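Working notes, beginning with the structure itself.
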Amino acid sequence: MNEEEKTSDFDFDLWSRLAQEEPEKFESMRQQLIDDLIAQAPAHFKPRMIGLQWQVDQVRKQASNPMAACLQISQKMWNNVLGENGLLNALQEPKKIIRTLEKAPAGKILSFERPKSGK
Numbered sequence: 000m001n002e003e004e005k006t007s008d009f010d011f012d013l014w015s016r017l018a019q020e021e022p023e024k025f026e027s028m029r030q031q032l033i034d035d036l037i038a039q040a041p042a043h044f045k046p047r048m049i050g051l052q053w054q055v056d057q058v059r060k061q062a063s064n065p066m067a068a069c070l071q072i073s074q075k076m077w078n079n080v081l082g083e084n085g086l087l088n089a090l091q092e093p094k095k096i097i098r099t100l101e102k103a104p105a106g107k108i109l110s111f112e113r114p115k116s117g118k
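Shown next as structure tokens:
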């Protein structure tokens with residue numbers, strides 16, 4: 000399936016109409032699409048995706064209006080790319096990151112004696 004076929008499944012006019020006329024149905028369908036996407040993701044991505052979606056939902060709840068939410072979410076995404084610990088920095092300084100990880104303290108493994116059986 001090419002990109003054109005994937006995007007043709009999305010009916011912007013339908014979603015726009017739902018948002019205007021039936022906001023509860025819009026929200027229900029939006030949440031279902033998000034849940035379906037997360038469910039299809041590889042297991043190792045799911046916790047991060049759930050966490051990110053929770054952050055997005057919190058911004059949406061606290062914002063004064065949809066445009067404010069959009070701007071705040073966009074700013075968070077850009078911070079994750081361009082910020083101090085962002086993707087761009089990670090791609091530019093992989094050796095620094097590896098050195099930092101290597102210097103991280105290792106956990107100490109404790110051994111526990113098994114009780115001897117009274118045989």
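Numbering (numbering that gives the first Met the number 0), first residue to last: 0 to 118.
Virtual Cβ for every residue (Gly too), placed ideally from N, Cα, C.
These numbers come from a predicted model, not from an experiment.
How many whole angstroms separate the CB atoms of residue i and residue j, which I take to be in contact at a CB cut-off of 8 Å?
i	j	result
L90	N79	So it is not a contact: roughly 13 Å between Cβ atoms.
Q189	A62	Past the boundaries of the shown model lies residue 189; the chain is included only from 0 to 118, so the question cannot be answered.
M48	I37	5 Å
L17	F25	4 Å
A68	V58	6 Å
Kindly indicate which three-state DSSP category residue i falls into: helix, strand or coil?
i	result
K115	coil
A38	helix
S27	helix
K102	helix
I96	helix
L32	helix
Start and end of the alpha helix (DSSP H) containing residue i?
i	result
N79	P65 to L81
A18	F11 to E20
A89	L86 to Q91
C49	Reading the sequence as shown, one finds Ile at residue 49 and not Cys. Taken as a continuous stretch (DSSP letters only), the alpha helix (DSSP H) holding I49 covers K45 to Q61.
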